[in-house]
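Report on the structure given below.
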Amino acid sequence: MALRNIGLWAVEGFELAFSLAKFCCCIHVTGSYAMGPSMLPTIDLNGNVIIVERASVWLQKVSRGDMVVLTSPEDPNKQVIKRIVGMEGESVTYLIKPGESDECQTIVVPKGRVWVQGDNIHDSRDSRVFGAIPYGLVHGKLFWRVWPASRFGSMCNV
Amino acid sequence: MSLVTARWKSIAKEAVERAAIMARFLCLLHVTDAYLFSSTLVYGPSMFPTLNLAGDVLIVERVSHRRGKVGPGDVVLVKSPVDPRKTITKRIIGVGGDWVTFPVGPGNGDRSRSVMGCLGEAMIRGHCHLFLRVPKGHVWIQGDNMYASTDSRNFGPVPYGLILGKVFCRVWPPEGFGSISH
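Protein chains in written order, with full-length UniProt numbering: chain A, 1 to 158; chain B, 1 to 182.
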């Protein structure tokens with residue numbers, strides 16, 4: 001009798017775990033990232049929980065101004081968060097040495113690539129270092145900040 | 001009245017159950033396709049004679065590249081750096097840190113010199129060759145059919161993150177069944 005109960009609980013537990021796995025499958029929840037200072041002040045160094053959506057990337061609906069998650073071209077095991085500053089065909093002007101001189105450079109983003117920069121241009125390894133990245137490295141678009149509660153809200157136009 | 005409602009309820013319940021089974025199956029299919037192995041139809045002249053012009057169905061495994069186990073000599077599926085909707089099949093010639101050399105032709109000379117930061121040129125057998133070092137985190141890919149292939153000689157080294165999987169074997173056409181030759 002006790003054995004039968006244990007069996008039932010085990011089946012129920014397994015079904016619950018399976019439902020949870022199916023839910024996660026649907027949302028494709030990604031792991032957490034170790035944050036650096038490159039997106040200050042938009043994303044600070046304390047834990048932020050942000051929902052990332054993949055539909056926009058797949059439908060190619062990302063544009064200039066969106067914050068995206070991408071695989072770093074320098075280290076394929078790292079996922080970094082940066083803002084898209086130029087889409088293919090657009091021209092981007094950036095300071096070569098921010099804080100030290102006003103010297104600028106203008107480049108045109110090649111086809112199939114995007115130019116990304118961190119909001120904290122003084123401490124960010126981005127396209128100013130590794131060039132425009134292929135769009136295929138972009139994996140998700142930052143959609144909604146869930147934590148901290150004081151900054152709860154949309155990540156568009158932020 | 002209650003009999004009709006009961007009947008609709010049971011139909012709705014069965015529909016939801018069937019949809020759930022379908023959803024579970026699609027989940028399993030997606031996970032296998034994206035993280036284990038998948039089959040792809042590839043066509044084009046750039047990998048001749050390793051792959052046929054008319055098209056081959058290949059089994060591509062999606063485990064090695066996540067573990068960093070793809071290297072020179074492997075035929076891989078890569079997301080095209082010039083058109084993100086296209087997937088291209090090429091062979092890895094060099095990985096980050098390797099030196100690669102290739103002859104300069106009318107199609108790729110100027111771009112190679114200025115954009116890819118070529119570190120040197122040499123005249124080898126009467127043809128101008130460029131040689132450069134593949135940056136860290138990138139791979140150099142080329143098609144086996146050098147004369148009909150748009151590859152790293154045109155668009156430069158490709159970030160490792162664009163690799164989708166390593167070709168495991170060919171399943172169609174049946175004459176070519178088995179591992180693709182080196």
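All C-beta atoms, glycine included, are put in the ideal place defined by N, C-alpha and C.
Quick caveat: nothing in here was measured; it's all calculated off a predicted structure.
- Query: DSSP beta-bridge partners for VAL108 (chain A)?
  - Reply: A:SER91
- Report the partner residues of LYS79 (chain B) according to the DSSP bridge assignment. B:THR87
- Segment contact, 8 Å Cβ cut-off, at least three pairs: the stretch 153-168 of chain B with the stretch 73-91 of chain B: yes
- Item | Chain-ordered residues of the stretch 158-179 of chain B with a beta carbon less than 7 Å from chain A | The stretch 158-179 of chain B vs chain A, Cβ under 7 Å: PRO159, TYR160, GLY161 and LEU162.
- Task: Report the rounded CA-to-CA distance for VAL85 (chain A) versus LEU58 (chain B), giving the unit in angstroms.
- Result: Near 38 Å, if we compare the C-alpha coordinates of LEU58 (chain B) and VAL85 (chain A).
- Message: For a cutoff of 8 Å on Cβ pairs, would you count PRO81 (chain B) as touching chain A?
- Response: It does; some Cβ of chain A falls within 8 Å.
- Is it buried or exposed for ASP33 (chain B), if we count other Cβ within 10 angstroms and need 16 for buried? exposed
- Message: I'd like to check one pair, VAL139 (chain B) with GLY73 (chain B): are the Cβ atoms closer than 8 Å?
- Response: no
- Query: Would you say GLY44 (chain B) faces chain A, with C-beta separation under 8 Å as the test?
  - Reply: no
- Can at least three beta-carbon pairs, one atom from the stretch 45-54 of chain B and one from the stretch 58-78 of chain A, be found at a separation below 8 Å? no
- Item | Contact set between the stretch 84-104 of chain B and chain A, restricted to residues whose Cβ is under 7 Å from the partner | Within the stretch 84-104 of chain B, the qualifying residues are PRO84.
- Residues in its own chain within less than 7 Å of VAL134 (chain B) by CB, not counting five upstream and five downstream? GLY94, VAL95, GLY96, GLY97, ASP98, VAL100, TRP140 and PRO157
- Inter-residue CB distance, residue 159 (chain A) and VAL109 (chain A) (contact presumed, cutoff 8 Å): Within the shown structure, residues of chain A are numbered from 1 to 158, placing residue 159 (chain A) beyond reach of any answer.
- Query: Checking contacts by CB at 8 Å: is GLY137 (chain B) closer than that to chain A?
  - Reply: Closer than 8 Å: yes.
- Query: Got a sec? Which residues, its chain only, sit under 6 Å from VAL104 (chain B) by beta carbon, not counting five neighbours each side?
  - Reply: CYS128 and LEU130
- Item | Residue from A:TRP58, A:ARG64 and A:GLN117 with nearest C-alpha to GLY140 (chain A) | A:TRP58
- Give me the Cβ distance between LYS97 (chain A) and ASP126 (chain A), rounded to the nearest whole Å; I'm assuming they're in contact under 8 Å. Not really, about 14 Å apart at Cβ, beyond 8 Å.
- Could you give the residue range of the beta strand (DSSP E) that holds ASP33 (chain B)? ASP33 (chain B) -> not in any beta strand (DSSP E); alpha helix (DSSP H) instead, spanning 2-35.
- Helix, strand or coil at VAL158 (chain B) [DSSP, three-state]: strand
- Message: I'd like to check one pair, ILE163 (chain B) with LEU51 (chain B): are the Cβ atoms closer than 8 Å?
- Response: no
- Task: Just grab the DSSP bridge partners of MET123 (chain B) for me.
- Result: B:CYS128
- Message: Within 8 Å of any Cβ in chain B, is that where the Cβ of GLU74 (chain A) sits?
- Response: Judged by the 8 Å Cβ criterion, GLU74 (chain A) is in contact with chain B.
- Message: With distance defined between alpha-carbon atoms, name the residue in B:ALA12, B:LEU36, B:ARG91 and B:LEU26 nearest to ASP151 (chain B).
- Response: B:ARG91
- Query: So, using beta-carbon positions, are VAL116 (chain A) and LEU70 (chain A) closer together than 8 Å?
  - Reply: yes
- Query: Between TYR135 (chain A) and chain B, is there a C-beta pair that is closer than 8 Å?
  - Reply: Residue contact check for TYR135 (chain A) against chain B: a CB pair falls below 8 Å.
- Message: With a threshold of 7 Å on Cβ separation, who are the neighbours of PRO134 (chain A) within its own chain once the five nearest residues in sequence on each side are excluded?
- Response: GLY112 and ARG113
- Item | Classification of LEU142 (chain A) by the beta-carbon crowding that lies within 10 angstroms, buried from 16 upward | buried
- Item | Host alpha helix (DSSP H) of residue 171 (chain A) (start-end) | Not covered by the structure: residue 171 (chain A). The range shown for chain A is 1 to 158.
- Count the other C-beta atoms from every protein chain shown that fall within 10 angstroms of the C-beta of ARG145 (chain A), then say buried if there are 16 or more, exposed otherwise. By the neighbour-count rule (16 or more Cβ atoms within 10 Å), ARG145 (chain A) is buried.
- Item | Buried or exposed (CB count within 10 angstroms, at least 16 for buried), VAL138 (chain A) | So VAL138 (chain A) counts as buried.
- Task: At 7 Å on the CB atoms, spell out the chain B contacts of LYS111 (chain A), in chain order.
- Result: VAL82
- Message: According to DSSP, is residue 192 (chain B) part of a helix, a strand, or is it coil?
- Response: Limits of chain B in this structure are 1 at one end and 182 at the other, which puts residue 192 (chain B) out of reach.
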